[in-house]
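Below is one structure, written out as structure tokens; the observations come after it.
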């Protein structure tokens, strides 16, 4: 491998991306209504002109990735390493915590119920009974957190990054995604390259403020519900501060220590909670619903993912999620590149595009499905708190109706803390890698971005109820330029895999085996 060049601190990207984020918050504090108006107009434009493109882009990522994984090129080794440097459980844990952490508590409890109360427009005219509406509700959640959502985060883009970094010696940066098109000049004071890095940092910062804000509100509500601690702005600020402190300690210790430890701890917590709820909750209802909803999703995969009917609904749900995950994609691909050395193309794509979505969907079934079961038996028991207290109230309402409800609710608070910490430390690490180009960026830089994410989130929470909606719309707007950056891997990744197969004599070995 070449000696990696251009590892100096990129102060221009640092100043522009950080300055933009600070200006966004300053404008929010000065005149949130005007800023919200600008963001809303940009959001509506993004949904109108990029929604269909994003739906096709995610579908293309998934389909091309699956074809590569199960072709003769699936045996290609990534990262110029014979044996993986991370064990399978540790590796899967770190992958799972990237996206599942964003929606593992806040959305898993609430989204299936939202789709149950108001049937998604694709199935709204089917005249379903409440029991029949369960499966489309769960399936719609599976679509938003399932195969296509995960595939866009770390398959084709990761392959391009790993080849350019480990085989060609170029730094791990978002601009490296464009290496197959522009060659080495993308790294030499390139305006296009700097733009790619800047828009990726801004988009992932917007996406990271979301989970911090969502789960910070979740924890604040939970503390009030369980221990009667006032659910005030001051409480939420303290909660966010504690989350940031944990994430800062984790990211300072590095990927191989703090980040992987928190990820494994998180997965263990989730497995234990899911097992307990599965045993003491509506066991057969959850198992039957998971299987049925999974089959329903596969049966309607294309029409659910490519639905273009109700534009307002799409903007609030599918297109919002696609924008969120696309904004994450370059940084997540950098993180997955770092932890996936020695894995084959097949292992990478199966882990990210199949295993992770199935785990995510099962978790949504356990948490959200339990709420649906309770709502069926006692209408209003979960939808009432959801309507009165919003998403943060849903988990507590679900746990309150289960045996051991208090302990389970405390368990969910702990999981919320670890979830958001794993998201923030992973993203802060990848931003630091982008700015320095090294797999081992300086400790102060990693911690700086954790702290900045916290400051930005606290500043937005002070705005009030409009803060979360502003963040959601901002997430979608920042994803527009990033989604253009993610188009070339659709054709460059297969070419790179074919090239690596020749270098590793994979094709010759397959032909020899057939003979």
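Residue numbers (our numbering): 3 to 517.
For glycine and all other residues, C-beta sits at the position ideal for the given N, C-alpha and C.
Quick caveat, the model's predicted, so the values are computed rather than measured.
Label residue i either buried or exposed according to how many other C-beta atoms from any shown protein chain fall within 10 Å of its C-beta, with 16 as the threshold for buried.
i: residue 167; result: buried
i: residue 153; result: buried
i: residue 322; result: buried
i: residue 459; result: buried
i: residue 533; result: Only positions 3 to 517 of the chain appear in this structure, which leaves residue 533 out of reach.
i: residue 358; result: buried
i: residue 420; result: buried
i: residue 117; result: buried
i: residue 58; result: exposed
i: residue 233; result: buried
i: residue 273; result: exposed
i: residue 198; result: buried
i: residue 270; result: exposed
i: residue 297; result: exposed
i: residue 186; result: exposed
i: residue 314; result: exposed
i: residue 39; result: exposed
i: residue 230; result: exposed
Measuring alpha carbon to alpha carbon, tell me which of the options ends up nearest residue i.
i: residue 159; options: 497, 503, 507; result: 497
i: residue 2; options: 481, 324, 11, 306; result: Residue numbering for the chain in the displayed model covers 3 to 517; residue 2 lies beyond these limits and cannot be assessed.
i: residue 136; options: 376, 324, 52; result: 376
i: residue 122; options: 263, 278, 316, 175; result: 316
i: residue 101; options: 199, 451, 212, 22; result: 212
i: residue 252; options: 264, 241, 80, 242; result: 264
i: residue 34; options: 489, 485, 495, 464; result: 464
i: residue 418; options: 99, 95, 130, 146; result: 99
i: residue 478; options: 388, 330, 361, 427; result: 330
i: residue 282; options: 409, 108, 431, 68; result: 409
i: residue 456; options: 474, 423, 475, 476; result: 423
i: residue 15; options: 192, 380, 367; result: 192
i: residue 94; options: 353, 363, 210; result: 353
i: residue 476; options: 179, 27, 356; result: 27
i: residue 161; options: 37, 493, 504; result: 493
i: residue 12; options: 218, 195, 294, 360; result: 195
i: residue 490; options: 371, 181, 293, 360; result: 181
i: residue 143; options: 169, 125, 110; result: 110
i: residue 369; options: 244, 384, 210, 301; result: 384
i: residue 429; options: 248, 416, 203, 345; result: 203
i: residue 108; options: 414, 450, 506; result: 414
i: residue 150; options: 38, 19, 266, 351; result: 351
i: residue 214; options: 301, 452, 312; result: 452
i: residue 553; options: 115, 303, 205; result: Outside the displayed range of the chain (3 to 517) lies residue 553, so it cannot be described from this structure.
i: residue 46; options: 505, 504, 474; result: 474
Tell me the DSSP secondary structure of residue i in three-state form.
i: residue 79; result: strand
i: residue 372; result: helix
i: residue 500; result: helix
i: residue 178; result: helix
i: residue 346; result: strand
i: residue 489; result: coil
i: residue 240; result: helix
i: residue 1; result: There is simply no residue 1 to check, as the chain begins at 3 and stops at 517 in what is shown.
i: residue 107; result: coil
i: residue 63; result: helix
i: residue 319; result: coil
i: residue 17; result: helix
i: residue 213; result: helix
i: residue 116; result: helix
i: residue 463; result: helix
i: residue 332; result: helix
i: residue 393; result: helix
i: residue 234; result: coil
i: residue 172; result: coil
i: residue 443; result: coil
i: residue 381; result: coil
i: residue 245; result: helix
i: residue 506; result: coil
Does the beta carbon of residue i sit closer than 8 Å to a beta carbon anywhere in chain D?
i: residue 273; result: Looking for chain D here will not work: only one protein chain is present.
### Message
Can you confirm whether the segment 71-84 touches the segment 500-507 when touching is taken to mean that 3 or more C-beta pairs between the two stretches lie within less than 8 Å?
### Response
Judged by pairs of C-beta atoms under 8 Å, the segment 500-507 touches the segment 71-84, as three or more such pairs exist.
### Task
List in chain order: all unbroken beta strand (DSSP E) runs of 3+ residues lying wholly within the segment 127-157.
none
### Query
Are there three or more Cβ pairs, one per stretch, closer than 8 Å when the segment 229-239 is compared with the segment 430-449?
no
### Query
Is the segment 424-440 touching the segment 288-302, taking contact as three or more C-beta pairs under 8 Å?
In short, these stretches do not touch, since the Cβ pair count stays below three.
### Query
How do the segment 398-416 and the segment 368-386 stand: do at least 3 beta-carbon pairs fall below 8 Å, yes or no?
In the pairwise beta carbon analysis, the segment 398-416 is classified as touching the segment 368-386: at least three pairs are separated by under 8 Å.
### Task
Give a yes or no on contact between the segment 323-339 and the segment 480-494, applying the rule of three or more CB pairs nearer than 8 Å.
yes
### 4-residue-minimum alpha helix (DSSP H) runs that sit fully inside the segment 19-75, ordered along the chain
34-71
### Query
Enumerated in chain order, which unbroken segments of the beta strand (DSSP E) with a length of 3 residues or greater are wholly contained in the segment 248-287?
Entirely contained in the segment 248-287, not one beta strand (DSSP E) run reaches 3 residues.
### Query
Just checking, does the segment 213-223 make contact with the segment 393-401 on the three C-beta pairs under 8 Å criterion?
yes
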